[in-house]
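Here the structure is laid out as structure tokens; the discussion comes afterwards.
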Amino acid sequence: MQKVAVIGLGRFGMALTRQLVASRVQVIAIDSDPELVDVAKELVDVAVELDSTDERALRSQGIDKVDALVVAIGENFEAALLTAVIAKKMEIPNIICRATTSFHAQIFRQIGADDVIQPEEETGRELGRRLSNPILEDLIDLGEGFALIEMHAPVAFRHKTLRELNLRAKFGVNLVAIRRPTGNTDATSGEPERRVIGVPQPDEVIHPNDVLMVIGSNADLAKLPRE
Ligand code: ATP
């Protein structure tokens, strides 16, 4: 079982902890604030009050043995940086740091963080994308200018076969899968239940309520119809 240490249990760290627990990941939750540690104790087996800039205290809780460590401290950059340096020294295989500014992000990368996230910026960008492109359901950034998007079938694509649409030639993108409503409703989410057509064939016809999973460069994806 994956073991992850979450350092800093503010709104970000606590939301991360909840999600990891829901995904059956073993979490060691750490904060210097005893009240937050008490809240975390309701969620995880191990929640500890300690100062994460204290290497001995971290080691005493077995933090040096985790598979991944997330520095979720936001405002206190000095503490976040020291924690990341200690994690690096303990040779934790995957260190992820939360940065509040691009400059902090750069410093985390320089000291060897495996991943750096800037939640405020990323959420802002994501909202911008969704507002400017209402048919976009989801986007996974693949790096180097490529992405996998989930989009509602544009009006211009409906009732056409993939052969007719010829997306590769016309837009330079690949349709990799289609999520099509089954007509039933999912009991837990209340959302329409969908089945996945994993390898769509040239004669597949696009239905009006299909969600299309499309891969391509950001520039080519931006040329797809938006209504
Ligand atoms: P969020 O934006 O996630 O709600 P916040 O603004 O409440 O966070 P931050 O200052 O960003 O608070 O810090 C996040 C958490 O990290 C806090 O709960 C704080 O107690 C904890 N924290 C800060 N420094 C340390 C440290 N050295 N050791 C352990 N926990 C720390």
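When the letters of the sequence shown are read in order and numbered with the numbering used here, they come out as residues 599 to 825.
C-beta: ideal position from N, C-alpha, C; glycine also.
Model, not experiment: these values are computed from the prediction.
Identified DSSP bridge partners for Asn772: Start at 1 with the first residue of the sequence shown, and residue 772 comes out as number 174. Beta-bridge pairing links Asn772 to Ile813.
For Pro823, the residue or residues it bridges with in DSSP: Looking up residue 823 in the sequence shown gives position 225. DSSP output for Pro823 lists no bridge partner at all.
One or two residues paired with Gly741 in a DSSP bridge: Position 143 of the sequence shown holds residue 741. Paired residues: Phe744.
Straight-line Cα distance separating Arg761 from Arg696: Locating residue 696 in the sequence shown gives position 98, counting from the first residue. Locating residue 761 in the sequence shown gives position 163, counting from the first residue. Cα to Cα, the separation comes out at about 45 Å.
Glu673 CB to nearest heavy atom of the ligand ATP below 7 Å: By one-based count along the sequence shown, residue 673 stands at place 75. Checking every heavy atom of the ligand ATP against the Cβ of Glu673, one is found closer than 7 Å.
Option in Ala751, Ala785 and Pro691 with minimal Cα separation from Glu735: In the sequence shown, the residue the question calls residue 735 occupies position 137. Taking only the C-alpha atoms, the option nearest Glu735 is Ala751.
Backbone secondary structure at Ala697 - three-state DSSP: Within the sequence shown, numbered from 1, the residue matching residue 697 stands at position 99. In the structure shown, Ala697 sits in coil (DSSP, three-state: anything other than H, G, I, E or B).
Buried/exposed call for Leu725, threshold 16 Cβ in 10 Å: Position 127 of the sequence shown, counting from 1, holds the residue named residue 725. The residue in question, Leu725, is exposed, as its Cβ has fewer than 16 Cβ neighbours within 10 Å.
Arg793 classed as buried or exposed, judged by whether at least 16 other C-beta atoms fall within 10 angstroms: Indexing the sequence shown from 1 puts residue 793 at position 195. That one is exposed.
Segments assigned beta strand (DSSP E), at least 3 residues, entirely inside the region 624-670: 624-629, 644-647 and 666-669
Val602 - partner residues in DSSP beta bridges: By 1-based counting over the sequence shown, the position of residue 602 is 4. Note: Val602 sits in a beta bridge opposite Val625 and Ala666.
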